[in-house]
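Notes follow once the structure below has been shown.
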Amino acid sequence: MLPYKSLIQIDRSSSVNIYIQVCNNFVTLITSGMLQPSDVLPSSRILAELIGINRNTVKLAYEELISQGWAESVERKSVFVLSRLPVISKTIIPETQKVVNGQESFIWTNNFKDKTLSTNLQKTGLRIDDGFPDVRLAPVDQLMREYRSLSRKFYGKNFLKYGNSKGSEHLRISISNYLANTRGLIASSENILISKGSQMGIYLAAQLLLNRGDVVAVGVSNYGYADDTFKHCGAKLVRIPVDENGMDIDHLENILQKQVIKALYIIPHHHFPTTVTLSMDRRLKLFGLAKKHRFAIIEDDYDFDFHYENKPYLPLASIDHNHNVIYIGSISKTFAPALRIGFMSGPPAFITAAASLRELIDKQGDTLLEDAFSILFNNGEMERHFRKSLKIYKHRRNLFCDILQSDFNDKIEFEIPEGGLAVWAAFDKSIDLVKMSEKALKNGLFIDNGLFYKNESFDKNGMRLGFASIDEKEIMKAFEILKKSL
1263 MLPYKSLIQI DRSSSVNIYI QVCNNFVTLI TSGMLQPSDV LPSSRILAEL IGINRNTVKL
1323 AYEELISQGW AESVERKSVF VLSRLPVISK TIIPETQKVV NGQESFIWTN NFKDKTLSTN
1383 LQKTGLRIDD GFPDVRLAPV DQLMREYRSL SRKFYGKNFL KYGNSKGSEH LRISISNYLA
1443 NTRGLIASSE NILISKGSQM GIYLAAQLLL NRGDVVAVGV SNYGYADDTF KHCGAKLVRI
1503 PVDENGMDID HLENILQKQV IKALYIIPHH HFPTTVTLSM DRRLKLFGLA KKHRFAIIED
1563 DYDFDFHYEN KPYLPLASID HNHNVIYIGS ISKTFAPALR IGFMSGPPAF ITAAASLREL
1623 IDKQGDTLLE DAFSILFNNG EMERHFRKSL KIYKHRRNLF CDILQSDFND KIEFEIPEGG
1683 LAVWAAFDKS IDLVKMSEKA LKNGLFIDNG LFYKNESFDK NGMRLGFASI DEKEIMKAFE
1743 ILKKSL
């Protein structure tokens, strides 16, 4: 007989009747295969004694099982599991998911790395991230004020209904003006889609541009989530080297002489992860190749707004005369990551198709939030936030790099980034970054272990060290802990 005393669990504080709880427990035993068709159930007296309930309650549970079609009663014998039920293999539930022949024993397969622990930044504590803004600087109160104000107004109630899958018309107009004023990128509001961050833009572009077996060119070092997105589409990746002047376009030209590529994914400003910028001569050559070989350019411009020295190069999309470029940007990366607001610009037909595809996974964004953001753009609050943040981040970058140079020059190689929110740090080969990360965590510092940046072609002993999200005191404290952890 099965150990019913431990298998049948009763919660006396539950609002569910005890006889129903007993019935449900038996259903679970049957559907898990622990009880098979025609197996005999314990008598009402024995089961009542085993689990400490009234015998009549057990009888009610058996009657319920019979009425639901899980059991049958044979006169002057006992109650049995219904003989006509299909035989179910006994389920063994291990602590971790069972793997059979190298695959998880479930209906779906998972080809994605588990990045949930490394990307959960909501835990409190001192952290060197890989380059995020300081959410303490964001004018969140002003944003929420506008959000509440809109929600209270009569016309604001309309924003609670379904709207345009391209996003708030007001925000699209604001983004259109913003792109024109800051990047010289001329895109009408109809050519802009508001997304849930830049990652949704990458996904939509990949789904529309790529079919299974198509080839997409990416950097040898590259944004891992973009790689995963292209692979999920069934695309094949061809890796292009990246040096101090960005992606090697001469190497791309050689590749194009041998094979056809459907698209190229590139981060011209502050390449992820190495922070380098694509030179102007390479940009112009890239346009020539795109026109000649007819491939699309997916331009990820996630943190254009942060440049500390010279004026930045214009985005590729700003000088695209052949309509080859799909431009993806993010407000989340410059304001607050959890407020998922990004944008994508491209040819009208492409943006219309992207909006239709977006409806299949996410009908629309938060129109109230999007409209609240549009007010911050229109009243100058966003521009003031960018100016204020830029000064603060530049000061933090300088302090951060000064300490790296003075205290870690024999262990870490780096270049002072001209923009962005992080330093690409190449650690001495003798340093085990995984052990360093674990030791730092014990000492009170969250820091990455470098594994996120590796792929089949890129295996540098390095990582991005974000300087923007921590203030001066936190920077000095973080480096004290890091020094002890090396």
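Just so we're aligned, residue 1263 is where the sequence shown starts under our numbering, counting upward by one.
A virtual CB, placed ideally from N, CA and C, is assigned to each residue, including glycine.
Query                                                                                                              : Result
Contact under 8 Å by Cβ, N1453 with I1593                                                                          : no
Boundaries (first-last residue) of the alpha helix (DSSP H) holding D1664                                          : 1643-1669
Local Cβ density within 10 Å of R1659, reported as buried at 16 or more and exposed below that                     : buried
Counterpart residues of G1463 in DSSP-defined beta bridges                                                         : DSSP, once it has assigned bridges, lists no residue as partnering G1463.
Rounded straight-line distance, which links the Cα of P1395 to that of P1238                                       : With the chain running from 1263 to 1748 in the structure shown, residue 1238 is simply not present.
Cutoff 7 Å; reference F1741; Cβ partners in own chain excluding five residues on either side                       : I1665, D1669
Rounded straight-line distance, which links the Cα of A1333 to that of V1302                                       : 9 Å
Residue burial classification, F1368 (beta-carbon count within 10 angstroms, cutoff 16)                            : Residue confidence is low: F1368 scores 48 on pLDDT, short of 50, so the model does not pin down where it sits. No coordinate-derived value is stated.
Three-state class that DSSP yields for V1477 in the structure shown                                                : strand
Cβ-Cβ distance between S1436 and S1636 below 8 Å                                                                   : yes
Supposed close pair G1393, G1728 - CB separation, criterion 8 Å                                                    : 4 Å
Assigned secondary structure, S1329 (DSSP; H/G/I helix, E/B strand, else coil)                                     : helix
Neighbourhood of N1705 by C-beta, 7 Å cutoff - its chain only, sequence neighbours within 5 removed                : I1743, K1746, S1747
Through-space distance from N1443 to P1401, alpha-carbon basis                                                     : 21 Å
Between the CA atoms of A1552 and K1524 - distance to the nearest angstrom                                         : 10 Å
Any alpha helix (DSSP H) of 4 or more consecutive residues that is wholly inside the segment 1482-1507             : 1486-1494
Residue environment, T1293, which counts as buried when at least 16 other CB atoms sit within 10 Å                 : exposed
For G1387 and T1378, the rounded distance between their alpha carbons                                              : Confidence is the limiting factor: at T1378 the pLDDT is only 47, short of 50, which leaves the residue's position unreliable, though a coordinate-based value still follows. When rounded, the distance between both Cα atoms is 17 Å.
Per DSSP, cross-strand counterpart(s) of R1434                                                                     : Note: R1434 sits in no beta bridge, so no partner.
Nonlocal neighbours in the same chain, by C-beta distance under 8 Å from H1513, ignoring five residues either side : I1502, P1503
Exposure label - N1279; buried when at least 16 CB within 10 Å                                                     : exposed
Same chain only: Cβ atoms within 7 Å of N1750, ignoring 5 sequence neighbours per side                             : Residue coverage of the chain in this structure runs from 1263 to 1748, which leaves residue 1750 outside it and unanswerable.
Beta carbon of E1506 nearer than 8 Å to that of I1528                                                              : no
Sub-8 Å separation of D1633 and S1430 beta-carbons                                                                 : yes
Limits of the unbroken beta strand (DSSP E) element including L1707                                                : 1707-1709
I1590 vs I1464 beta-carbon contact at 8 Å                                                                          : yes
Reduced DSSP category for H1533 - H, G, I as helix; E, B as strand; rest coil                                      : coil
For R1556 and L1244, believed in contact at Cβ under 8 Å, the rounded distance                                     : Beyond the ends of the chain as shown, which are 1263 and 1748, falls residue 1244; an answer cannot be given.
Closest by C-alpha distance to K1428, when choosing among S1457, S1699, D1694, L1652                               : S1457
Own chain, CB closer than 8 Å to R1317, minus 5 neighbours either side, in chain order                             : S1306, R1307, A1310
C-alpha distance - I1737 paired with G1446, whole-angstrom precision                                               : 35 Å
Presumed contact (8 Å Cβ cut-off) between V1349 and P1299, rounded CB distance                                     : 6 Å
At least 3 beta-carbon pairs within less than 8 Å: the segment 1642-1660 vs the segment 1562-1571                  : yes
Integer Cβ distance of G1508 from V1478, believed to fall under 8 Å                                                : No, G1508 and V1478 are not in contact; Cβ-Cβ is about 17 Å, not under 8 Å.
I1270 to F1288 span [Cα, whole Å]                                                                                  : 8 Å
Exposure of I1390, with buried meaning 16 or more beta-carbon neighbours within 10 Å                               : buried
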